[in-house]
Amino acid sequence: MKQTESQLVKACLELLAVKRIFSNRQNTGAFKTDKGFYKFGILGAGDIVAVVDSRHIEIECKTGRNKQSTAQVAYQKELESAGGLYWLIRDVSELVDKLENLKHLN
Numbered sequence: 007m008k009q010t011e012s013q014l015v016k017a018c019l020e021l022l023a024v025k026r027i028f029s030n031r032q033n034t035g036a037f038k039t040d041k042g043f044y045k046f047g048i049l050g051a052g053d054i055v056a057v058v059d060s061r062h063i064e065i066e067c068k069t070g071r072n073k074q075s076t077a078q079v080a081y082q083k084e085l086e087s088a089g090g091l092y093w094l095i096r097d098v099s100e101l102v103d104k105l106e107n108l109k110h111l112n
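Last residue of the sequence shown: number 112 in this note's numbering, and the count goes up by one each step with no gaps.
Structure representation (structure tokens):
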């Protein structure tokens, strides 16, 4: 059975919690009620926001052949130009590797 993006996000959050890394789920979307249409979050933002060694990191989880949206690509460019990190993760092992590589850079 293939892993869903929701399952991947959950697994990444669990890994970050075990490693005691400050992180949280960052939801974005919209919904409609009888009183109107409401948007929340920042369009293109990563699924998870984390802070490691004073570095702002956003983690976007994708599975299979799913690709970043145009808004996600634009957000990534803006975040990286401001000094933040944006990681596209397709498997929890990729997150482990990126965290290890980050340690070696400091």
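Here a beta-carbon is modelled for each residue, glycine too, at the ideal position from N, C-alpha and C.
- Taking a C-beta distance under 8 Å as the contact criterion, Ile65 and Leu108 do not qualify as a contact pair.
- Membership of Lys16 in the alpha helix (DSSP H) is indicated by the continuous run Glu11 to Val24.
- Counting along the chain, Lys83 sits inside the alpha helix (DSSP H) bounded by residues Thr76 to Ser87.
- Going by C-alpha positions, Glu106 is about 48 Å away from Lys41.
- Excluding the 5 residues flanking it on each side, Glu86 has same chain C-beta neighbours closer than 7 Å at Tyr92, in chain order.
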